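Presented below is the structure to which this report refers.
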Amino acid sequence: MRTKQEYLIRYKDGNLYCELADIWIDPSKPVKKALITHAHFDHFTFGCEEYISTKETAILLKERVGDNIKIKTFEYGEEFKINGINISFHPSGHILGSSQIRFIFAEEKWLISGDFKLQKDQTCKQYEIVKTDYLISECTFGLPIFKWDESNKIANDISKWITNSPEKTSLLFCYSLGKAQRLLNEISQTNFKGNIYSHGSIHKMNNSYRKLGIDIKDTIKIVNKKKIDELKGSLILLPPSLSKGSYLKNFKNIQTAFASGWMSIRALRKRSGYDKGFAISDHADWDGILEVVKKSEAKNVFFHHGDSEALSKYLVEKESINVLLLGN
Amino acid sequence: MSLKKFSELFGDLDSNNSTNNKIEVLKNYFLSNDPIDNSWAIYLLTGKSNKRFISGRYLKNLFSQIYKYPQWLIDTCYLKVGDSAEVITLLLKNKTNSRKKKLSNISLNKLLRETIPALSKLNEEEKNLEIKNLWETLPEDNHLIFNKILTGTFRVGVSIGLITKSISKLINIEEEIISHRLMGDFKPSIDSYEFLINKNINLQELNSKPFPFLLANTIEDKIFKNSINDFQFEWKYDGIRMQLIKRSGNISLWTRGQELVNKSFPELVEKMSHIKDDFVLDGELLVWNFKEQIAFDFSLLQKRINRKSPTRSIQIKYPIIFIAYDLLEINGRDIREIKLENRRIELEKYFSKWQIKTENNISDIFKICDLIFPKDWPDALTYKEKSRENNTEGLIIKKKTSIYSSGRKKGIWWKYKVDPMQLDAVLIYAKGGSGRRAGLYTDYSFALWKDKELIKFASAYSGLTNIEIKELDKWIRKNTIEKFGPVRSLKPEMVFEISFEKIQISKRHKSGIAVRFPRITKWRKDKKINDADSLENAYELMKKIS
């Protein structure tokens, strides 16, 4: 077996790094060359000399941080070479433009899953099964207590939640990029036909999605001084950062909810401070992670972004899969 | 009509809705379901169904067996979720897609009166098969309630007050009447529900029921401005508050938690039934040291509380006494509206009459509380400080002109508790919490210095705010030295002020001392670990008190 230093991809300063190509994956500090799996801010940092991503990710990033960054883009499946290593992006189903990244060097395949989900999502490309020898997978929800319901069921629950309290304004907190658009898409197919408002940050992302050809229901940009009566019985989408603090004082007679995979646990729901929680996630659940591990046919698996202890032990004991640790 | 409807109700009540919303939801539930299921719903919601049919551990083992899940994996999940019934519910998702016909509409009554109790009559193999069968036939969104009832852990954030209000709104009868009807051992049946919603108030029916208890408030500074003579002073006993009722010759013994506990204290019921008068007494039940005429520690009382029919030897080993401090009704006459000082005169009068006239001697099990007569407020303070000597918690101060109203009414009764004892200690271990605190480190162990070593002396869970808990949780994760299962040993760095009620020698603990009701009263971020107290300080504290 090789030492950790000899892996094609390993951890360096807390980030995934490929030494042979001198390239970093979603680095958290400025570097020369960075591969970006998707446009969420916890996967992006300012100051890199060059970014490489899918076309959609590049457009979303520029919408969010401005044109002042140098991004090279590739289509899904299109191979490019750096120092003799073949690299390609493949859909990961997390949000629009999100990708897994495959490396091929000397007939050895490595796959970085990026953030991913297997569930259907009409606002982005479906996860693509990619075969590999080595798999580096996220495991945010790596316990069998996490099992997602179909997203249309959740959307119907949300619709019921709003229509059962016609006197109230329903505030639904969700991430501005990805989750909000997926929810809008799903909710527009339910019985809820009232007005939907969205916060500026969400409104902007809706427009970007539309520009990229995704069908997102029209929403009204929320302005602080909207009349209370107008908002009665309607739905407002807001980013979670606004749930605490004075912003909520702009509204009267509200009910609040948070859309996140963590809301499947009662204790977390209670502690969240929201009136209600809807368990919907853009990450894979336990079965999703297991399916990807199996279908990728990887002989060696590494986990990051989550508590991987239980998942690793399970795969080793029950599935006889080799789970390894990436070096620091 | 069904478990399904009740599961929906639970979902509505469990989200953090406003009180008004919850009342409305309850009202609508009662309106749209049949009386028998309503009675079960009330039974469940008021927390009376705490019978454990099988343990959480058993449930987890069974799941592990049926679905071939390793036990350690279930245990890991439990650490995240904090509730066995919920863990199994989450794990059962998508597991039970069998082609069996679903029991989509089983009534609460059938489930709770037949299906679940029948489990206890089966042998282990049959029982396991039946639970598996129920998991497969009950719809998925009913699993949580089912598992919670099985394990006796059904709880929801609804107070009895809320149930009372919603029924009161439903039938337009004052809350007091409903709360009166709801007190005591509400048995699920059509009759009990119909009694509850009966629009005719029948005093006869209410005969055995206690009055709503009047509760004391924490002492307020403004009271010291009043004349000491306006108040009656009593010791604050650390026992079980109770109403002792005799009406039409029948004795009922009610705790403040609205439990009828005649069976636990048969010797008291027997003795009191010899008294000729009818009465309602408010008082405290204690395990009594007759030689020294003071109460024994609460821990001895605990040995009695949980026994439904104590043997003669238990009765002798832990002798009880009922100390009355108020007379609320005498021979059918409700005297709660007369002044406390006059009620006290009546109480004393009847007590001396009963002592003389009753055939059997009652004074070995029943007395009235002694009053204290401080000269002035500083003198009252001196009494309070002495309260540890006779195993009381301080003083109860009552306004002499007050009437006996219900609840924690302001400006009538106050508790003047003796100050807690305190030590500054170092946090050394943390353990994951359960229930609402699952996934957070919320159970802490604290240590005191002995020479240069830190020795564990107490564990505490309560006292920090939610924000502090989160902050400390983060710190704990970053400063763990070692993990042993759910417990982490920590870098000694954080100092907390720990308050407690009692300190005594204990051979069971490494520190040699045991404290009662330890709790965190301050996060001493200003202190370094060298500033924390030593075991010697603790011994000194113990000396000072005894």
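Residue numbers (our numbering), protein chains in the order written: chain A, 347 to 674; chain B, 3 to 548. We put the beta carbon where it would ideally sit given N, CA and C, even for glycine. Note that the coordinates shown come from a computational prediction; the quantities given were computed from them, not determined experimentally.
What are the start and end residues of the alpha helix (DSSP H) that includes residue i?
i	result
T403 (chain A)	K401 to V411
M551 (chain A)	G546 to K557
S444 (chain A)	Premise fails: S444 (chain A) is in no alpha helix (DSSP H) and is neither H nor E.
T536 (chain A)	Premise fails: T536 (chain A) is in no alpha helix (DSSP H) and is neither H nor E.
D388 (chain A)	From DSSP, D388 (chain A) is part of no alpha helix (DSSP H); its letter is neither H nor E.
G634 (chain A)	W632 to K641
K6 (chain B)	L5 to D16
Note down, in chain order, every chain A residue with its Cβ under 7 Å from the Cβ of residue i.
i	result
S17 (chain B)	D621 and K622
G84 (chain B)	A613
Leaving out five residues before and five after residue i in sequence, what residues of the same chain have Cβ atoms less than 6 Å from its Cβ?
i	result
Y352 (chain B)	none
P376 (chain A)	G393 and C394
N274 (chain B)	For the sequence presented, residue 274 (chain B) should be read as Met rather than Asn. For M274 (chain B), where only same-chain residues beyond five positions count, the Cβ hits under 6 Å are I253.
I542 (chain A)	T565 and L581
W415 (chain B)	A218 and K400
Which residues of chain A have a Cβ atom closer than 9 Å to the Cβ of residue i, listed in chain order?
i	result
P72 (chain B)	K659, Y660, E663 and K664
N2 (chain B)	Residue 2 (chain B) falls outside the range modelled here, since chain B spans only 3 to 548, and no answer is possible.
Taking Cβ positions, are residue i and residue j nearer each other than 8 Å?
i	j	result
Y239 (chain B)	D284 (chain B)	no
K412 (chain B)	L342 (chain B)	no
H384 (chain A)	D467 (chain A)	no
S445 (chain A)	T509 (chain A)	no
G465 (chain B)	D85 (chain B)	no
L349 (chain B)	I370 (chain B)	yes
E236 (chain B)	I374 (chain B)	yes
T478 (chain A)	L457 (chain A)	yes
I478 (chain B)	S491 (chain B)	no
K62 (chain B)	K493 (chain A)	no
E402 (chain A)	L442 (chain A)	yes
I457 (chain B)	K512 (chain B)	yes
L584 (chain A)	F519 (chain A)	yes
I371 (chain A)	I475 (chain A)	no
R157 (chain B)	G49 (chain B)	yes
K6 (chain B)	N149 (chain B)	no
K201 (chain B)	I165 (chain B)	no
S483 (chain A)	F649 (chain A)	yes
S511 (chain A)	S547 (chain A)	no
H440 (chain A)	D628 (chain A)	yes
A462 (chain B)	Y443 (chain B)	no
L152 (chain B)	I118 (chain B)	yes
K419 (chain B)	E395 (chain B)	yes
S408 (chain B)	P212 (chain B)	no
Which residues in the same chain as residue i place their Cβ atom closer than 8 Å to its Cβ, once the five residues preceding and following it in sequence are excluded?
i	result
F451 (chain A)	L354, L366, G430, I431 and N432
K377 (chain B)	I230
For a contact defined as C-beta to C-beta under 9 Å, what are the partners of residue i on chain B?
i	result
A656 (chain A)	W74, L75, T78 and C79
Taking the beta strand (DSSP E) that residue i belongs to, which residues open and close that run?
i	result
E269 (chain B)	Where E269 (chain B) is concerned, there is no enclosing beta strand (DSSP E), although the alpha helix (DSSP H) it sits in stretches over P268 to M274.
E236 (chain B)	F233 to W237
Y385 (chain B)	Unbroken run through Y385 (chain B) is the alpha helix (DSSP H), W379 to K388; no beta strand (DSSP E).
P437 (chain A)	I431 to P437
I382 (chain A)	Element bounds for I382 (chain A): n/a, residue is neither H nor E.
Name the chain A residues that come within less than 8 Å of residue i, Cβ to Cβ?
i	result
V89 (chain B)	I491
Ordered along the chain, which non-local residues of its own chain (more than five positions away) have a Cβ less than 7 Å from that of residue i?
i	result
P422 (chain B)	S501, F502 and E503
Y45 (chain B)	S51, F188 and P190
I428 (chain A)	A367 and I369
H549 (chain A)	T565 and K567
A449 (chain B)	A427, V428, I430, L456, I457, K458 and F459
Cβ closer than 7 Å: which chain B residues qualify as neighbours of residue i?
i	result
K616 (chain A)	R438
Name the chain B residues whose beta carbon is nearer than 8 Å to that of residue i?
i	result
G610 (chain A)	It is Ser, not Gly, that sits at residue 610 (chain A) in the sequence shown. The contacting residues are L92.
Measuring only from the beta carbon, is residue i closer than 7 Å to any heavy atom that is part of the ligand SAM?
i	result
K7 (chain B)	The ligand SAM is absent from the structure shown, which contains no ligands of any kind.
Proximal residues, the stretch 497-528 of chain A versus chain B, C-beta separation under 7 Å: Contact annotation: in the stretch 497-528 of chain A, no residue has its CB less than 7 Å from a CB in chain B.
Within 7 Å of chain B by C-beta, residues of the stretch 469-494 of chain A in sequence order: So the list reads L489, P490, I491 and K493, given in the order they occur along the chain.
Chain A contacts from the stretch 409-443 of chain B (Cβ-Cβ distance under 9 Å): So the list reads G435, S436, G437, R438, R439, A440, G441 and L442, given in the order they occur along the chain.
Output, in sequence order along the chain, the residues in the stretch 466-492 of chain B whose CB is closer than 7 Å to any CB in chain A. None of the residues of the stretch 466-492 of chain B has a beta carbon lying less than 7 Å from any beta carbon of chain A.
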